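S.K.: Numbering (our numbering), first residue to last: 5 to 374.
Cβ atoms here follow ideal geometry from the backbone N, Cα and C, with glycine treated the same way.
Keep in mind the model is a prediction, meaning the values are calculated, not measured.
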Amino acid sequence: MIKNLVPLKDWHSKLKDRPVIISGPCSAESEEQVLQTARKINELNKVAIFRAGIWKPRTSPSEFEGIGKIGLKWLDKVKNETDLLVAIEVANKEHVRHVLKSNVDILWIGARTTSNPFAVQEIAQSLKGTDIPILIKNPINPDIDLWVGAIERFRKQGIFKIAAIHRGFYPFERTEFRNIPKWEIPLEIKRRFFNLSLVCDPSHIAGSKDFIKIIAQRALDLDMDGLMIECHIDPEKALSDSKQQVTPNELKKLLSELVFRKSISKDKIYKSLIHQYREEIDAIDYQLLSLLSQRLNIIEKIGMQKSDKNIAIFQIRRWKEIMSSRLQFAKGLGLSEDFIKKIVQLIHEISIQKQVDIFHLKGINKKRKK
Ligand code: PEP
Ligand code: MN
Numbered sequence: 005m006i007k008n009l010v011p012l013k014d015w016h017s018k019l020k021d022r023p024v025i026i027s028g029p030c031s032a033e034s035e036e037q038v039l040q041t042a043r044k045i046n047e048l049n050k051v052a053i054f055r056a057g058i059w060k061p062r063t064s065p066s067e068f069e070g071i072g073k074i075g076l077k078w079l080d081k082v083k084n085e086t087d088l089l090v091a092i093e094v095a096n097k098e099h100v101r102h103v104l105k106s107n108v109d110i111l112w113i114g115a116r117t118t119s120n121p122f123a124v125q126e127i128a129q130s131l132k133g134t135d136i137p138i139l140i141k142n143p144i145n146p147d148i149d150l151w152v153g154a155i156e157r158f159r160k161q162g163i164f165k166i167a168a169i170h171r172g173f174y175p176f177e178r179t180e181f182r183n184i185p186k187w188e189i190p191l192e193i194k195r196r197f198f199n200l201s202l203v204c205d206p207s208h209i210a211g212s213k214d215f216i217k218i219i220a221q222r223a224l225d226l227d228m229d230g231l232m233i234e235c236h237i238d239p240e241k242a243l244s245d246s247k248q249q250v251t252p253n254e255l256k257k258l259l260s261e262l263v264f265r266k267s268i269s270k271d272k273i274y275k276s277l278i279h280q281y282r283e284e285i286d287a288i289d290y291q292l293l294s295l296l297s298q299r300l301n302i303i304e305k306i307g308m309q310k311s312d313k314n315i316a317i318f319q320i321r322r323w324k325e326i327m328s329s330r331l332q333f334a335k336g337l338g339l340s341e342d343f344i345k346k347i348v349q350l351i352h353e354i355s356i357q358k359q360v361d362i363f364h365l366k367g368i369n370k371k372r373k374k
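1. Which runs of the alpha helix (DSSP H) spanning at least 4 residues fall entirely within the stretch 55 to 114, listed in chain order?
2. In its own chain, which residues sit with a C-beta less than 8 Å from the C-beta of Ser106, not counting the 5 before and 5 after it?
3. Do you know how far the Cα of Glu341 is from the Cα of Lys335?
4. Mind checking whether Ile140 and Ile155 have CB atoms under 8 Å apart?
5. Which whole-angstrom value describes the C-beta separation of Leu226 and Leu191, a residue pair presumed to lie in contact below a C-beta threshold of 8 Å?
6. On the DSSP bridge list, what partners appear for Gly28?
7. From Leu39 to Asp14, what does the alpha carbon distance come to, in whole angstroms?
8. How should Lys256 be labelled, buried or exposed, when 16 other C-beta atoms within 10 angstroms of its C-beta is the threshold for buried?
9. Which two residues bound the contiguous beta strand (DSSP E) that contains Leu48?
10. Counting only the same chain and skipping the five closest in sequence on each side, list residues whose C-beta sits under 8 Å from that of Phe318.
11. For Ala316, does the count of other Cβ atoms within 10 angstroms reach 16, so buried, or fall short, so exposed?
12. Would you decide whether Leu111 is buried or exposed? Buried here means 16 or more other CB atoms lie within 10 Å of its CB.
13. Less than 8 Å between the CB atoms is what I'm expecting for His208 and Gly230, so what's the real figure, rounded?
14. Under 7 Å from any heavy atom of ligand 1, does the C-beta of Glu93 make it?
15. To the nearest angstrom, how far is the alpha carbon of Lys73 from that of Trp59?
16. Closer than 7 Å by C-beta to Gly153: which residues in its own chain qualify, once you throw out the five before and the five after it? Chain order, please.
17. List the residues that DSSP assigns as beta-bridge partners of Lys272.
18. Between which two residues does the alpha helix (DSSP H) containing His352 stretch?
19. Applying the criterion that 16 or more other CB atoms from any shown protein chain within 10 Å of the CB defines a buried residue, is Val82 buried or exposed?
20. Give me the DSSP bridge partner(s) of Lys141.
21. Do you know how far the Cα of Lys194 is from the Cα of Leu308?
22. In terms of residue numbering, what span does the alpha helix (DSSP H) encompassing Val3 cover?
23. Quick one: what does DSSP say Ser19 is sitting in, helix, strand or coil?
24. At the level of alpha carbons, what is the spacing between Ala56 and Ser66?
25. Tell me whether Asn317 sits in a helix, a strand or coil according to DSSP, three-state version.
26. What number of angstroms, rounded off, separates the C-alpha of Ser311 from the C-alpha of Lys358?
27. Going along the chain, which residues of its own chain have a beta-carbon closer than 6 Å to the beta-carbon of Leu259, five neighbours each way excluded?
28. Suppose the cutoff is 8 Å on Cβ atoms and the five residues either side in sequence are ignored; what does the same chain contact list for Arg101 look like?
29. Rank Glu325, His364, Ile362 and Asn8 by C-alpha distance to the C-alpha of Phe158 and give the top, closest one.
30. Just the C-alpha distance for Glu283 and Leu296, rounded to the nearest angstrom, thanks.
31. Is it buried or exposed for Lys217, if we count other Cβ within 10 angstroms and need 16 for buried?
32. Taking 7 Å as the cut-off, does the CB of His364 come closer than this to any heavy atom belonging to ligand 2?
33. Drop a sphere of 10 angstroms on the beta-carbon of Glu93, count the other beta-carbons inside from all chains shown, and report buried for 16 or more, exposed for fewer.
34. Can you tell me which of the three DSSP states Ile148 falls into?
35. In terms of residues, what are the limits of the beta strand (DSSP E) holding Leu202?
36. List in chain order: all unbroken beta strand (DSSP E) runs of 3+ residues lying wholly within the stretch 171 to 225.
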């Protein structure tokens, strides 16, 4: 039997409080920069895990590619001097070899690595038999199966302390953010695994420190289990991701302004109201489903008629009329055009498919009779 994943809060006694805050520089650059940042972050008493990249996957080889394994010694000092656990990124088995000889507590897999099943497999195999927890960032492209696959690869090697990091997806169009959040994908991955903790990385989604707060707040509103926020003692001088890193003081302000939500409430009035609303929603959903079934039954009759009279299934004029009348009606109800367009389109596609199936069946029956 494959064991369940272990939630973030059970990885360590220092991770009991939700949400778990992970913070630290994009890259470890010098011993002073690492230690000064870590000391300040530690003073806030709100951060549980210190992050710093020592091997950096950069787009161009002329960019800063990380300080390398000497950074492990600096992280050791962080552990000696502060209460923080430490986390770094690994991208191949060589990195894993160095890290397993160090005192690093947690590893993370970067977005570029998650996109590459060979690399994920190599790392997962080199971690077999260890108990080190691992955070897996989403792949660059919005491909949920690739993300799921990466989690599975580690699980198959007997690693169960796994959480996912949502860092957004590569934008094919210009957007205000560096990466598009596509919130539905992290929510879907949480549905796919029992006990999968989810951490949001608003820094890499935002790409600029101005947007970190709104993204972090959205993640908390969606009940995510943690936040990973890049913080540098002097962001303007940072050798990577300079625009999106905040100072320890800015981090302090940001954390004090965020509204932390609870997953559940014991308040009796709240509980009874939510219960009542949920019953109303349940009733409406069942009505919607029976209406959809009634609609499809009528479609079946239409399909039979068209097939008997040799009429084409798709009727462009009727389709245009359906869409415009439904949009008009929906507008009067205050429903968003985008939402209704998607629903009407989907219902229409299913209705066409249903008629195609009927044509096909009738065709087969005709042949049999001959
Ligand atoms: C990072 O965390 O600094 C990093 C390189 O992130 P990502 O893999 O999300 O691009
Ligand atoms: Mn970064």
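M.R.: According to the structure data:
1. Here the runs fully enclosed are 74 to 85 and 97 to 104.
2. As a position in the sequence shown, residue 106 is number 102, starting the count at 1. Same-chain partners within the cutoff: Leu76, Leu79 and Asp80.
3. Along the sequence shown, read from residue 1 onward, the residue named residue 335 stands at position 331. Along the sequence shown, read from residue 1 onward, the residue named residue 341 stands at position 337. Rounded to the nearest angstrom, the two C-alpha atoms are 7 Å apart.
4. Within the sequence shown, residue 140 is the residue found at index 136, counting from 1. Within the sequence shown, residue 155 is the residue found at index 151, counting from 1. In contact: Ile140 and Ile155 (Cβ atoms closer than 8 Å).
5. Indexing the sequence shown from 1 puts residue 226 at position 222. Indexing the sequence shown from 1 puts residue 191 at position 187. Leu226 to Leu191, Cβ: 7 Å. Contact.
6. Within the sequence shown, numbered from 1, the residue matching residue 28 stands at position 24. Partner(s): Glu234.
7. As a working note, residue 39 is residue 35 in the sequence shown. As a working note, residue 14 is residue 10 in the sequence shown. Going from the Cα of Leu39 to the Cα of Asp14 covers about 27 Å.
8. Here residue 256 refers to the residue found at position 252 when the sequence shown is read from its first residue. Buried is the call here.
9. Start at 1 with the first residue of the sequence shown, and residue 48 comes out as number 44. Note, Leu48: premise wrong, no beta strand (DSSP E); not H, not E.
10. Taking the sequence shown and counting its residues from 1, the one referred to as residue 318 is at position 314. Contacts found: Ile356.
11. Within the sequence shown, numbered from 1, the residue matching residue 316 stands at position 312. Per the 10 Å Cβ criterion, exposed.
12. For the purposes of this step, residue 111 is identified with residue 107 of the sequence shown, where counting begins at 1. A residue is called buried when at least 16 other Cβ atoms come within 10 angstroms of its Cβ; Leu111 meets this threshold and is buried.
13. For the purposes of this step, residue 208 is identified with residue 204 of the sequence shown, where counting begins at 1. For the purposes of this step, residue 230 is identified with residue 226 of the sequence shown, where counting begins at 1. Not a contact, Cβ separation roughly 14 Å.
14. Within the sequence shown, the letter at position 89 stands for residue 93. For ligand 1, at least one heavy atom lies less than 7 Å from the Cβ of Glu93.
15. Position 69 of the sequence shown, counting from 1, holds the residue named residue 73. Position 55 of the sequence shown, counting from 1, holds the residue named residue 59. Each residue's alpha carbon lies about 8 Å from the other.
16. To locate residue 153, count along the sequence shown from 1; it is residue 149. Cβ neighbours of Gly153 beyond the five flanking positions: Pro121.
17. The residue given as residue 272 occupies position 268 in the sequence shown. The partner list for Lys272 (beta bridge, DSSP) is empty, contrary to what the question assumes.
18. Residue mapping note: residue 352 aligns to position 348 of the sequence shown, counting from 1. First-last of the alpha helix (DSSP H) with His352: Glu341 to Lys373.
19. Start at 1 with the first residue of the sequence shown, and residue 82 comes out as number 78. So Val82 counts as buried.
20. Reading the sequence shown from its first residue, position 137 is the one you call residue 141. Beta-bridge pairing links Lys141 to Ile169.
21. In the sequence shown, residue 308 corresponds to position 304, counting from 1. In the sequence shown, residue 194 corresponds to position 190, counting from 1. According to the sequence displayed, residue 308 carries Met and not Leu. When rounded, the distance between both Cα atoms is 43 Å.
22. The question about residue 3 has no answer here: the residues shown for the chain are numbered 5 through 374.
23. Locating residue 19 in the sequence shown gives position 15, where the first residue counts as 1. A small correction: the amino acid at residue 19 is Leu; Ser does not occupy that position in the sequence shown. Leu19: helix per DSSP, three-state reduction.
24. For this step, residue 56 is matched to residue 52 along the sequence shown. For this step, residue 66 is matched to residue 62 along the sequence shown. Looking at the two C-alpha atoms, the distance is approximately 20 Å.
25. For the purposes of this step, residue 317 is taken as residue 313 along the sequence shown, with counting starting at 1. Per the sequence shown, the amino acid found at residue 317 is Ile instead of Asn. Coil, per DSSP.
26. Along the sequence shown, one-based indexing puts residue 311 at 307. Along the sequence shown, one-based indexing puts residue 358 at 354. Computed Cα separation, rounded: 12 Å.
27. In the sequence shown, the residue the question calls residue 259 occupies position 255. Excluding positions up to five away in sequence, the list reads Lys50.
28. Within the sequence shown, residue 101 is the residue found at index 97, counting from 1. The answer, listed in chain order, is Ser130.
29. As a working mapping, residue 158 is identified with position 154 in the sequence shown. Among Glu325, His364, Ile362 and Asn8, the Cα nearest to that of Phe158 is on Asn8.
30. Taking the first residue of the sequence shown as position 1, residue 283 is located at position 279. Taking the first residue of the sequence shown as position 1, residue 296 is located at position 292. Rounded to whole angstroms, Glu283 to Leu296 spans 20 Å at the Cα level.
31. Translated into the one-based positions of the sequence shown, residue 217 becomes position 213. That one is buried.
32. Position 360 of the sequence shown holds residue 364. Checking every heavy atom of ligand 2 against the Cβ of His364, none is found closer than 7 Å.
33. Mapped onto the sequence shown, residue 93 falls at position 89. Buried, by the Cβ-count rule.
34. Against the sequence shown, residue 148 aligns to sequence position 144. The answer is helix: DSSP assigns Ile148 an H, G or I state.
35. By 1-based counting over the sequence shown, the position of residue 202 is 198. Leu202 -> beta strand (DSSP E) spans Ser201 to Cys204.
36. 201 to 204
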